[in-house]
Every structure is written in C-alpha cells, then in structure tokens.
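Under this note's numbering, the residues of the sequence shown are numbered 8 to 144, in order.
Report on the structure given below.
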Amino acid sequence: MADVLVMGRRVVLPDGTEVPGVPEEDALRIHADTSCFVFYPRSFRVLALWGMMPPYLGPVCDRFVFTAVQQMGLQLAWCEQPTVVFTAHYSWAYQALNREPPADVHDIDWDQIKARFDAGEVFERTGIESWIVELGQ
Numbered sequence: 008m009a010d011v012l013v014m015g016r017r018v019v020l021p022d023g024t025e026v027p028g029v030p031e032e033d034a035l036r037i038h039a040d041t042s043c044f045v046f047y048p049r050s051f052r053v054l055a056l057w058g059m060m061p062p063y064l065g066p067v068c069d070r071f072v073f074t075a076v077q078q079m080g081l082q083l084a085w086c087e088q089p090t091v092v093f094t095a096h097y098s099w100a101y102q103a104l105n106r107e108p109p110a111d112v113h114d115i116d117w118d119q120i121k122a123r124f125d126a127g128e129v130f131e132r133t134g135i136e137s138w139i140v141e142l143g144q
C-alpha cells in the first residue's frame, strides 16, 4: 500500500496554453511537484519538514520533500493520468513552446541555494541527509 501518491500533471502557461508532453524529470520519476503529492497517514510525519527546513530551500521544497519521502523508506505510487493542472511560471515551459519567457519567471537560482546550503544545518533541523549537490546540474 502506498504512503504517498504522486498525481500526474498537465502543464499550462499562465494564459492557459498547454505545454505538450511531460517534463522529463516527471517522466523519469525523479521529481514530484508539491501540487501533485497526496499524503496518507503513514507519511504525515513528512509534512512537518516544510516548516523545519531552512527557508532558503523554499524554492526547492518539493525536491527536498521528495528526497525525504525516499530517505524515510515510505512507499511511493504514481498515477500517470494527469489529474492536476499545474500553471508553470518557469522558463522551461515557455521554451517548450518556443516562446520568450517573461521577466517574472520563477526559475530556481541553484547557485544561490548552493551558496547558502549547509548540510549540517539541514540534517540538524530535519534529519534528512545532504542531497543538494546532486540537483540543479
């Protein structure tokens, strides 16, 4: 039985234009957006991590929680059918449609996150092992 369900998502731009296909990291099952998580009772302990992680991890909180689910040995299940409509405010979504991204995209600044990242602090606050160096490459 699953502890966490990851719902499939349909990606759209803020104007409603659908982005074709599925983001590669979703297809590879190495990422789940926050809006796609469904938590069941055995996984409720993960929910506190959003408040325990250092604030600078906010832009990558979904990635942090995804890693935590794995490190805690919780069972993930995936629903391929898109049941979530995700509005993307990221360059990659505009680029997938050969459009110029607007100035107000929410792209992750990996250099800024890595510059502030302290594995000891993250572990002390959350009990989750270091993972950031492997992301954003």
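Think of the CB as a built atom: it goes at the ideal place given N, C-alpha and C, for glycine as much as any other residue.
#1: Take Gly28 and list the residues in its own chain whose beta-carbon comes closer than 6 angstroms to its own, dropping the five residues that flank it on each side.
#2: Take Pro103 and list the residues in its own chain whose beta-carbon comes closer than 6 angstroms to its own, dropping the five residues that flank it on each side.
#3: Using DSSP's beta-bridge definition, name the partner residues of Arg16.
#4: What residue from Ala34, His113, Gly134 has the CA that sits closest to Val67's CA?
#5: Given a cut-off of 8 angstroms on the beta-carbon distance, is the pair Asp10 and Ser50 in contact?
#6: Ends of the beta strand (DSSP E) at Phe44?
#7: Bridge partners of Glu25, per DSSP?
#8: Could you give the distance in angstroms between the alpha-carbon of Arg16 and the alpha-carbon of Pro30?
#9: Taking the alpha-carbon of Leu20 as reference, which of His96, Phe124, Met8 has the nearest alpha-carbon?
#10: What does the Cβ neighbour count give for Ala34, buried or exposed, with the cut at 16 atoms within 10 Å?
#11: Pull the bridge partners of Leu83 from the DSSP assignment, please.
With the structure as the only source:
#1: none
#2: Residue identity check: residue 103 is Ala in the sequence provided, not Pro. Closer than 6 angstroms at the Cβ level, and outside the excluded window around Ala103, lie Val26.
#3: Val91
#4: His113
#5: yes
#6: 44 to 46
#7: Val19
#8: 9 angstroms
#9: His96
#10: exposed
#11: Val11
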